[in-house]
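Residue numbers (our numbering), protein chains in the order written: chain H, 320 to 695; chain W, 40 to 593.
Backbone N, C-alpha and C define an ideal beta-carbon position, used for all residues, glycine too.
Shown next, in structure tokens, is the structure this report addresses.
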Amino acid sequence: MSGADPLSPIPVTILTGFLGSGKTTVLNRLLKRPSLAGAAVIINEFGAIGLDHLLIEASEEQFTLLDNGCVCCTVRGDLVATLKALDLRSRAGELPGLTHVVIETTGLADPAPILHTLMAEPDLAGRYLVAGVVTTVDAVNGPATLDRHAEAAKQVAVADRLLVTKTDLVSDEALSELRHRLATLAPAARQSLARNGEADFDIMDVTHSAMAGDAREMAAWLDISAHECGPDCAHDHSDHHPGAGHHHGPREHHGQHHHGIQSYSFVIDKPVEWSAFARWLDYVAALKGEDLLRLKGLVHVTDEPERPLVLHGVQHVFHPPVRLDAWPSADRRTRLVFIVRDIDRETIARTLKKFAAIDATSTVAVGTGTPSRAAA
Amino acid sequence: MPDRSADLVLTNGLIYTVDRKRPWASSVAVKGGRIVAVGEADAVSSLTGSATKTVDLGGAMLMPGIVDVHAHLMMGGQAELFELRFSPTSSLETLIARVAEAAAGAPQGAWIIGGQWGSDLLPRLNKLDALAALDKASQGRPVMLRDDTYHNRWINSEALRLAGVSAATPDPQKGSIGRDPTTGAPTGMMIESAAGIVESTIARSGHYTEEMDRAAMARSIATLNSYGVTAFLDAAAMQPILAALKGLDDRGELTAWSVSAMPAVEPSFMSGIAGDELIALRENYRGAHARPDFVKIFLDGVPGARTAAFHEPYVDDAILGCCFRGSTIVTVPELIRWVGKCEKLGLGVKIHCAGDAAVSQALDAIDVVRSFNGPTKLIHHIAHASYIAPDDVARFAELGVAADLSPFLWYPTSFLEGHKQTMGEARALRFWPNKDLLAAGALLAGGSDWPVMPNPDPWNGIEGLVTRRNPSGEFAGVALWPEQAIDVATALEIFTINSARAIGLADTVGSIEIGKSADFIKLDRNVLETPADEIADTKVLTTWFEGRVVYERS
Chain H
320 MSGADPLSPI PVTILTGFLG SGKTTVLNRL LKRPSLAGAA VIINEFGAIG
370 LDHLLIEASE EQFTLLDNGC VCCTVRGDLV ATLKALDLRS RAGELPGLTH
420 VVIETTGLAD PAPILHTLMA EPDLAGRYLV AGVVTTVDAV NGPATLDRHA
470 EAAKQVAVAD RLLVTKTDLV SDEALSELRH RLATLAPAAR QSLARNGEAD
520 FDIMDVTHSA MAGDAREMAA WLDISAHECG PDCAHDHSDH HPGAGHHHGP
570 REHHGQHHHG IQSYSFVIDK PVEWSAFARW LDYVAALKGE DLLRLKGLVH
620 VTDEPERPLV LHGVQHVFHP PVRLDAWPSA DRRTRLVFIV RDIDRETIAR
670 TLKKFAAIDA TSTVAVGTGT PSRAAA
Chain W
40 MPDRSADLVL TNGLIYTVDR KRPWASSVAV KGGRIVAVGE ADAVSSLTGS
90 ATKTVDLGGA MLMPGIVDVH AHLMMGGQAE LFELRFSPTS SLETLIARVA
140 EAAAGAPQGA WIIGGQWGSD LLPRLNKLDA LAALDKASQG RPVMLRDDTY
190 HNRWINSEAL RLAGVSAATP DPQKGSIGRD PTTGAPTGMM IESAAGIVES
240 TIARSGHYTE EMDRAAMARS IATLNSYGVT AFLDAAAMQP ILAALKGLDD
290 RGELTAWSVS AMPAVEPSFM SGIAGDELIA LRENYRGAHA RPDFVKIFLD
340 GVPGARTAAF HEPYVDDAIL GCCFRGSTIV TVPELIRWVG KCEKLGLGVK
390 IHCAGDAAVS QALDAIDVVR SFNGPTKLIH HIAHASYIAP DDVARFAELG
440 VAADLSPFLW YPTSFLEGHK QTMGEARALR FWPNKDLLAA GALLAGGSDW
490 PVMPNPDPWN GIEGLVTRRN PSGEFAGVAL WPEQAIDVAT ALEIFTINSA
540 RAIGLADTVG SIEIGKSADF IKLDRNVLET PADEIADTKV LTTWFEGRVV
590 YERS
């Protein structure tokens, strides 16, 4: 994906993370990388008192060229207007070739409305593409923050990439414990580590291309369901949990200290009648949109079984489904991953059955595979 | 020792309690506005003290006060006090003559407001020659005449001028302005949301003052009391209505239990705040007898104007062509969102559904909400449960949805004639499957939809439920789908305990049982033994509300 082509949409990464989790440090380091030379940074402060921006060398309410060629600005009002202005200036040649946009939220922000804006705002459609949500989690304070603050849990839950910061300040055991917990909350998110503010990935890599229809990426998100683990799953996930002297089953991870946020996935063996499924989506979005933090899916539809549909929703907004050219793997079953707040998996299963005649098998979503995915 | 004696004892009555456990009694005792004893004379004798007022019913029938599940109070009072009244079977010539009389007695510039013309007359009125006749009769005064559905208005040229409507005015969303097919000039016919243009013009003109509103509300309730109604649901309660009810209640002048349904969207026939903004204010309007516990959603229009949503198309039409089925005003997801929100807030939803497709969608939405969120005790209403696809009949009971039976159109009327024109006779006649609903276990709740019915007299509706024939003598010899007739005792339940359940007041009203409000009506006959075609002649002799006489027939 290149910003050099004025017609191709510009990827947007949302960088979020609780207060003090180190996202500004990470951003400053990332911005020094040559790969981000054409990036614009928007520090988004709406709805919250922002302090973070003071740490970034930028003046308010205007675009500033940073040393490495990045554009930076602080938004207090309308994100849409800012993104439109950025696009216009880029196309008018006023800014160096825009290749990427990073929106840094305030520490208390709920990233979902920003995702909404990017996905639903007609003036932005076609110009920008959600590349993904990167959430920083502080290895030292992260566990306590997750216990205390629903906002922090939600920031983790909606992430495509979790960046654990300050890893050099905690024991391996504590780090492992936290990563396991993050995997429970956001099983499909990739985990990365940062040491001394230096991330082990490049933000340009996070192209979370469910929207773009990148099969590999989608498969990674849905890897969790390929895990083949039903509610009666026998093997113990805490095997992957070094240092945990006690055994606890997968269920114990759900809904604990996570403010009602949980994730689960479903596998559907039979091809899906899209119209019935879409109607169910309308229902769930209308009624449960607020609590549907993220929904991703790869759907085997009856009318074009060779070409799966990629589904991506944030709360009540769904991207128009993208049709892949081919299945990413031999597994041709429909897979759905839900990250929700206070919605039982039974509710999903029951209503899918009732309103779309779909028999969905629930799989326990515990992200045991995340360390290897993080390394990918 | 506290004084156990009752404030009021009614004895020697033929008391029909509508309590299936004890249908009949002869005496009832009341203390503090509540029933404290029901039974025979001995049940109340020990409660009769020196201060007890005793009333000998002289063998007359006494029953619980009527509960009207669907009325529009302010409009009813306004119509009674301030408007020109004519029968829905009136001809164009009669309308013109009545307007001419009213114009002769009205000050220059004063609005002449009246109703209701039969909706079957719509094509005849929707013409420039009819408008010319109306203009001549009104002598320059603005005129607005409502139809019998209350969804449409016919106005004169002066009213068009005041409302700023001309040939150049585009049709509003979800409504249309009647036009001459050749010249495009407006005919004065304001259909559905177009009615709102003229209604808001009148509202802005200050034609109805606050004093008039209060008087209209008090008059409305007095009228209800005179027909034996002691509890009702106001089916489109905007702020002035909520305020009038609360104001009367605070002053001890509210002589009926009132439940209000706040419109989710500003209705075409009223103006003011609605939806979330109005709902947020509801606790300000709660009183001892005033309960803003419902939300009203208009899902479609009316069959006669082809604005109701049906599964099957209307009869071909020059403008709408073939295959037009009408449409719903609110989408299913929007409706789901509303029902979900109301369930969270503990509010019932009354959904206006005139066509069978609207009924299906309303049931679907409730089904979706309940399937996702689990059951609640809230009873939502399908108003008006009239054209129902056979597959939907059983769903009322399954979903705990009340069938709002209003207005009294389960017998031949001018409405039905209008429906025959738009739907074809066979389909039009499959109107009000009351017996089927009953057999399927649905909660049927009776209401008047006054002033859509020219008065809220429940005995008219009750007779019609039993005979399926028009009690007025109009359409003589014709019954509407007589297989759907039900018995009198069931009809009485429909207008008392069933409506009480539907509006959330079953613990308080709807039957004569200990602990309930002492809301009684004394009748001039035993309606259970009256020939069916005479039930509508029933007169209420006395109405008690909380043990106080609020109406006495002179």
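Based on Cα-Cα distance, which residue from the options lies nearest to residue i?
i        : options                                : result
W/Gly179 : W/Gly72, W/Ala428, W/Trp150            : W/Trp150
H/Ala507 : H/Glu492, H/Asp479, H/Val483, H/Phe520 : H/Asp479
W/Ala141 : W/Asp159, W/Pro181, W/Ser158           : W/Pro181
W/Pro62  : W/Pro493, W/Val77, W/Pro451, W/Ala481  : W/Val77
H/Ala359 : H/Val659, H/Pro330, H/Pro590, H/His619 : H/Pro330
H/Lys607 : H/Gln634, H/Val345, H/Gln474, H/Phe585 : H/Gln634
W/Gly148 : W/Ala110, W/Leu374, W/His246           : W/His246
W/Pro490 : W/Gln523, W/Ser445, W/Gln460           : W/Ser445
H/Glu517 : H/Gly341, H/Phe337, H/Pro328           : H/Gly341
W/Thr452 : W/Gly72, W/Ile54, W/Ser126, W/Gly104   : W/Ser126
H/Asp610 : H/Arg651, H/Asp661, H/Tyr602, H/Asn515 : H/Asp661
W/Val374 : W/Asp403, W/Tyr353, W/Ala348           : Strictly speaking, residue 374 of chain W in this sequence is Leu, with Val absent from that position. Looking at the Cα atoms, W/Asp403 is the closest of the given residues.
H/Val449 : H/Ile422, H/Phe585, H/Arg669           : H/Ile422
W/His420 : W/Ala571, W/Asn509, W/Gly387           : W/Gly387
W/Leu482 : W/Val527, W/Phe435, W/Arg469           : W/Phe435
W/Arg321 : W/Val378, W/Ile553, W/Thr346, W/Ile280 : W/Ile280
W/Val398 : W/Gly286, W/Asp488, W/Leu544, W/Asp430 : W/Asp430
W/Met100 : W/Ala234, W/Gly52, W/Cys361            : W/Gly52
H/Ala675 : W/Ser410, W/Lys474, W/Ile260, W/Ile536 : W/Ser410
W/Glu305 : W/Arg253, W/Leu293, W/Ala234           : W/Ala234
H/Val620 : H/Arg642, H/Leu355, H/Ile361, H/Gly579 : H/Arg642
Please list the partners that residue i has in chain W, where partner means a Cβ-to-Cβ separation under 9 Å.
i        : result
H/Leu606 : Pro372, Ile375, Arg376, Val378, Gly379, Val407, Val408, Phe411, Asn412
H/Arg669 : Ser410, Phe411
H/Thr454 : Going along chain W, no residue has its Cβ under 9 Å from H/Thr454, so there is no contact; the nearest lies around 28 Å.
Pull up the CB-CB distance for residue i and residue j, whole angstroms please, since I reckon it's below 8 Å.
i        : j        : result
W/Gly486 : W/Val108 : 4 Å
W/Gly376 : H/Ala605 : For clarity, residue 376 of chain W is Arg in the given sequence; the question names Gly instead. Right, their Cβ atoms sit about 5 Å apart.
W/Lys555 : W/Leu96  : Contact doesn't hold; Cβ gap of about 18 Å is too wide.
H/Ile333 : H/Leu434 : 7 Å
W/Asn195 : W/Ser177 : 5 Å
W/Gly395 : W/Phe470 : With the sequence shown as reference, residue 395 of chain W is identified as Asp, and Gly is not the correct amino acid for it. No, W/Asp395 and W/Phe470 are not in contact; Cβ-Cβ is about 11 Å, not under 8 Å.
W/Arg364 : W/Glu382 : That belief does not hold up - the Cβ atoms of W/Arg364 and W/Glu382 are roughly 29 Å apart, past 8 Å.
Taking residue i as part of the alpha helix (DSSP H), name the residues at either end of that continuous run.
i        : result
W/Arg376 : 371-384
W/Thr133 : 131-144
H/Trp593 : 593-607
W/Met462 : 453-462
W/Met256 : 249-265
W/Gly217 : Looking at the DSSP string, W/Gly217 is not in any alpha helix (DSSP H); the run it does join, the beta strand (DSSP E), is 214-218.
W/Gly116 : 112-121
H/Phe674 : 664-675
Taking C-beta pairs closer than 8 Å, name the residues in chain W that residue i reaches, listed in chain order.
i        : result
H/Thr503 : Within chain W, no residue comes near H/Thr503; the closest Cβ sits about 24 Å away, beyond 8 Å.
H/Thr344 : Result: empty, since nearest Cβ-Cβ is about 42 Å, beyond 8 Å.
H/Lys485 : Simply none; closest approach about 41 Å.
H/Tyr583 : Neighbours of H/Tyr583 on chain W: none; closest Cβ ~16 Å, over 8 Å.
H/Asp610 : None at all; the shortest Cβ gap to chain W is about 10 Å.
H/Asp678 : Under the 8 Å cutoff, chain W gives no residues; its nearest Cβ is about 16 Å from H/Asp678.
Chain W partners of residue i, CB-CB under 7 Å?
i        : result
H/Lys673 : Ser410
H/Asp661 : Per Cβ cutoff of 7 Å: no residues; H/Asp661 is ~11 Å from chain W at best.
H/Thr666 : Phe411
Could you give the residue range of the beta strand (DSSP E) that holds residue i?
i        : result
W/Met277 : Run containing W/Met277: none; DSSP gives neither H nor E here.
W/Asp95  : 92-95
contact_flag[the region 261-276 of chain W, the region 289-303 of chain W] where n(CB pairs < 8 Å) is 3 or more
For the pair of segments examined, the region 261-276 of chain W was found to touch the region 289-303 of chain W: the number of CB pairs separated by less than 8 Å reaches three.
Would the region 111-124 of chain W count as touching the region 498-509 of chain W if we require 3 or more Cβ pairs under 8 Å?
Taking 8 Å as the limit for Cβ pairs, the verdict is that the region 498-509 of chain W does not touch the region 111-124 of chain W.
Just checking, does the region 487-502 of chain H make contact with the region 447-461 of chain H on the three C-beta pairs under 8 Å criterion?
Inter-segment contact for the region 487-502 of chain H and the region 447-461 of chain H is present: three or more beta-carbon pairs are separated by less than 8 Å.
Under 8 Å, with one C-beta from each stretch per pair, do the region 464-478 of chain W and the region 231-244 of chain W reach the 3-pair mark?
In short, these stretches do not touch, since the Cβ pair count stays below three.
Kindly confirm or deny that the region 583-603 of chain H and the region 650-665 of chain H touch, where touching means at least three C-beta pairs closer than 8 Å.
Three or more Cβ pairs drawn from the region 583-603 of chain H and the region 650-665 of chain H lie within less than 8 Å of each other, which places the two stretches in contact.
Is the region 659-676 of chain H touching the region 617-628 of chain H in the sense that three or more CB pairs, one from each, lie closer than 8 Å?
Taking one beta carbon from each stretch, the region 617-628 of chain H and the region 659-676 of chain H have fewer than 3 pairs nearer than 8 Å; the two do not touch.
Cβ contact check for the region 631-648 of chain H and the region 479-499 of chain H: 3 or more pairs under 8 Å:
Result no; under three Cβ-Cβ pairs closer than 8 Å.
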